[in-house]
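With UniProt numbering, the residue at position 192 of the sequence shown is 192, and numbering never jumps. Built from N, CA and C at the ideal position, the CB exists for glycine as well. Below is one structure, written out as structure tokens, with a few remarks after it.
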Amino acid sequence: MTTPVQDTIDLRREMVATCRSMNSSGINQGTSGNLSVRTERGFLVTPSSLPYETMQPDDLVEMHFDGSYVGRPPSSEWRFHRDILQKRSDINVVLHCHSVYATTLACHNKAIPSFHYMTGIAGGTTIRCAPYATFGTQALSDNAIVALEDRLACLLSQHGQISLGVTLESALWLAIEVETLSRIYVQALTLGEPPILSDEEMERVITQMRQIKYSMSQQA
């Protein structure tokens, strides 16, 4: 179980910086995407419809797990942030973005198979794609929870991706890695379906990743 993060001005500044890094790294565009961090009183989440370039630390919304909040309206996707944080005591951060190549695969309801050993960074032999549901709904949250079982990332059909982490840095790192894998997979598909590594080999890969803490998303 991870320790909740104390709600401080430094945490809020780090969240704003992470949001801006989502855009500058190319994994997000405009006001799409959202970010949350578990705190001692609930969680902080990005507000609705506010560009990251103008977002300030005080704009981040303090939410409680009963759905109540303090401040401006939260992201329309607050439900899956709340539900994932409630379900997953091993993580503190939920990052959602509409990265181009991950969303390309999601538009075809296509999971990322173990065509490359780095698929294991999300904790399993695949990065699943959750079935489609309308944004902001409980159905979308329920679908994401299932797709994230024993995983640190998933795609959302015809929507985008979710990446989890213990820290803001680790969640952002994983989201960029998922996007990189997605781009390679999309390009590999132009030559035909690539060969898939066996489950046995992926188990060896994942075990080795855990032993050497290869995946930053596993780091506290």
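Three or more Cβ pairs closer than 8 Å define a contact, and the segment 61-75 meets that threshold against the segment 40-49.
Counting only runs of 4 or more residues that sit fully inside the segment 74-111, the alpha helix (DSSP H) segments are 78-87 and 100-106, in chain order. Burial is judged here by how many other beta carbons sit within 10 angstroms of a residue's own beta carbon; SER89 has fewer than 16 and is exposed. As the crow flies, the alpha-carbon of ALA188 is around 6 Å from that of PRO194. Look at LEU164 here: in three-state DSSP terms it is strand. Just so you know, the alpha carbons of ASN92 and LEU164 end up roughly 8 Å apart. Look at ALA130 here: in three-state DSSP terms it is strand. Considering only ALA111, THR134 and TYR69, the residue with the shortest C-alpha distance to GLY124 is ALA111. For THR104, the CB contacts under 8 Å within the same chain, skipping 5 residues up- and downstream, are SER182 and VAL186 in chain order. The DSSP-derived three-state label of GLU62 is strand. Around ILE176, the same chain offers SER25 and ILE27 as residues with beta carbons nearer than 7 Å, after the five sequence neighbours per side are excluded. Assignment of TYR69 by DSSP, reduced to helix, strand and coil, places it in the strand class. Contact between GLN138 and SER99 is ruled out by a C-beta separation of about 24 Å, above the 8 Å threshold. CA-to-CA, the gap between THR134 and ALA144 works out to about 12 Å. Assigned with DSSP and collapsed to three states, ASN34 falls in strand. Relative to the Cα of PHE65, the nearest Cα in the group ILE84, SER198 and ILE9 belongs to ILE84.
Boundaries of the beta strand (DSSP E) around LEU155: 153-156.
The same chain holds no residue with a CB closer than 7 Å to that of THR3 once the five nearest residues on each side in sequence are set aside. With contacts defined as CB atoms closer than 8 Å, GLU14 and LEU168 qualify as a contacting pair.
Residue environment analysis places HIS81 among the buried positions, since at least 16 neighbouring C-beta atoms fall within 10 angstroms of its C-beta.
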